[in-house]
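Read the structure below first, then the notes.
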Amino acid sequence: MKYINLLSIVLISSFLFTSCQKKENVEERYVGQWTLEDISGGGTASLESQGIMMDIILKNSSSEAAIDIRENGEVAFRGIVSITEEFYTEDKLVHSEELEMPHDDVGTWTIDGADAFNSEIFGDSRNFRFEGEKLIVTDMLPLETLDLTEAGVDLGLDISLTMEVVYIRS
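Oh and the sequence shown: position 67 is 74 in the working numbering, straight run, nothing missing.
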């Protein structure tokens, strides 16, 4: 009987402890200033008309970009994102290019019913997750066919990319 009473007290205490804990405010996780720390990713590109398949690697060159997510529902994305884009065929580098993408965007943000972050600045295909003080944004660009024409012939360039962008709380 003594063990049953002790077990009952432990069960009731643990129930009260877990049910009385304050629910985390999901918005608080996002609010603040985030500095771009790293960009990485890759994918494939195929030029069907030429029978060419390339691997693409994306690397952070040097970026001075930041996101400011404010409590009032505004978000600002400012700075320059610089990435190196490398194209490989048969494990040989065939093209490398540095891209600079300046940003000076201001928009709004919301948290939906599934506690997911949404903002028109980032578009629809983003996935946001936290690892400690890091905000990691994964963008999976679906396989798209770009309408590239040369002398009236559609070249049929298909590109599939996944890019991961890591921000650290400032």
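Using N, Cα and C, we set each Cβ at its ideal position, and we do this for glycine too. Note that this is a predicted model, so its numbers are computed, not measured.
Check                                                                                                                                                              : Outcome
State yes or no: is the C-beta of G216 within less than 8 Å of the C-beta of I166?                                                                                 : Beyond the ends of the chain as shown, which are 8 and 177, falls residue 216; an answer cannot be given.
Please classify V33: is it buried, with 16 or more other beta-carbons within 10 angstroms of its beta-carbon, or exposed?                                          : exposed
Based on DSSP bridge pairs, tell me the residues matched to I76.                                                                                                   : G39, V82
Considering only residues of the same chain and omitting the five flanking positions on each side of D45, which have a CB-CB separation below 7 Å?                 : N67, V173
Assuming E55 and I87 make a contact with CB atoms under 8 Å, what is their CB distance in whole Å?                                                                 : The pair is not a contact, with the Cβ atoms about 34 Å apart (cut-off 8 Å).
Starting from E107, follow the beta strand (DSSP E) in both directions and report where the run begins and ends.                                                   : 99-118
Can you tell me the Cα-Cα spacing of T152 and A52, whole angstroms?                                                                                                : Model confidence at T152 stands at a pLDDT of 45, short of 50, so the residue's coordinates are unreliable; what they give is reported in the following sentence. Those two C-alpha atoms are separated by around 10 Å.
Which residues in the same chain as K29 place their Cβ atom closer than 7 Å to its Cβ, once the five residues preceding and following it in sequence are excluded? : Its pLDDT being 49, under 50, K29 is placed unreliably in this model, and the coordinates cannot settle the point.
What residues in its chain sit with their C-beta under 7 Å from that of Y37, if we drop five residues either side in the sequence?                                 : I76, F124
On the criterion of 16 or more Cβ atoms from any shown chain inside 10 Å, does L65 qualify as buried, or is it exposed?                                            : buried
What is the rounded straight-line gap between the Cα of S26 and the Cα of E35?                                                                                     : Caution applies to S26, whose pLDDT of 48 falls short of 50 and renders its modelled position unreliable; the value that the coordinates give is listed next. Going by the C-alpha atoms only, they are around 21 Å apart.
Looking at the structure shown, is S89 part of a helix, part of a strand, or coil, going by DSSP?                                                                  : strand
I need the boundaries of the beta strand (DSSP E) containing S70, first residue and last residue.                                                                  : Unbroken run through S70: none, as it is neither H nor E.
Tell me which same chain residues have a C-beta within less than 8 Å of the C-beta of V101, skipping the five on either side of it?                                : M61, F94, Y95
Please name the residue, chosen from S103, E171, N79, that lies closest to N134 on a Cα-to-Cα basis.                                                               : E171
Compare the C-alpha of F129 against each of S103, N79, H110 and name the closest.                                                                                  : H110
Would DSSP call S56 helix, strand or coil?                                                                                                                         : helix
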